[in-house]
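In our numbering, the protein residues as written are 3 to 129.
This is how it looks when you write it as structure tokens:
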């Protein structure tokens with residue numbers, strides 16, 4: 003009974019290379035390239051901190067806030083006084099809005115803390 007060698011083993015023995023050494027060299031080369039690529043993307047610790055926060059676009063969808071309230075971030079269920087919501091039009095209870103003092107508004111979309119107790123309110127309290 004004869005034992006056949008794998009073609010890779012024959013190739014490596016012909017070139018006088020140890021198969022383990024070839025695998026190690028390949029693995030180290032791949033590791034080097036992957037490390038270089040990731041260090042290029044995140045070049046400093048500050049980049050890491052900034053990139054861990056997801057930036058969200060504020061959609062100017064025609065919403066409007068109550069005029070005269072302090073500029074800030076309000077959940078859709080935020081009441082600013084006498085049963086008046088901070089967001090007058092296109093209000094969604096579970097969305098977070100950026101309001102300007104003169105009624106300007108944009109919608110950041112769904113936020114986990116909006117719609118219930120403890121919702122973000124620049125002034126007033128959650129409904």
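Built from N, CA and C at the ideal position, the CB exists for glycine as well.
Practice problem: Would you identify the three-state DSSP class for residue 123, choosing helix, strand or coil? | Solution: Note: residue 123 maps to coil in three-state DSSP.
Exercise. Can you give me the Cβ contacts of residue 95 inside the same chain, cut-off strictly under 6 Å, excluding the 5 residues immediately before and after it?
Key: Shown here for residue 95: same chain residues with a beta carbon closer than 6 Å to its own, the five before and five after excluded, namely 78, 79 and 117 in chain order.
Quiz item: Can you name the residues that DSSP bridges to residue 118?
Solution: According to DSSP, residue 118 bridges with nothing at all.
Exercise. Keeping to the same chain, check which residues put their C-beta closer than 6 Å to that of residue 58; ignore five residues upstream and five downstream.
Key: Closer than 6 Å at the Cβ level, and outside the excluded window around residue 58, lie 110.
Quiz item: According to DSSP, is residue 84 helix, strand or coil?
Solution: Coil at residue 84, not helix or strand.
Self-check item: DSSP-derived helix/strand/coil call for residue 65
Solution: Residue 65 falls in the coil class under three-state DSSP.
Self-check item: Simplified DSSP assignment, three categories, for residue 70
Solution: Collapsing the DSSP output to three states places residue 70 in coil.
Quiz item: In terms of residues, what are the limits of the beta strand (DSSP E) holding residue 90?
Solution: For residue 90, the enclosing beta strand (DSSP E) starts and ends at 89–91.
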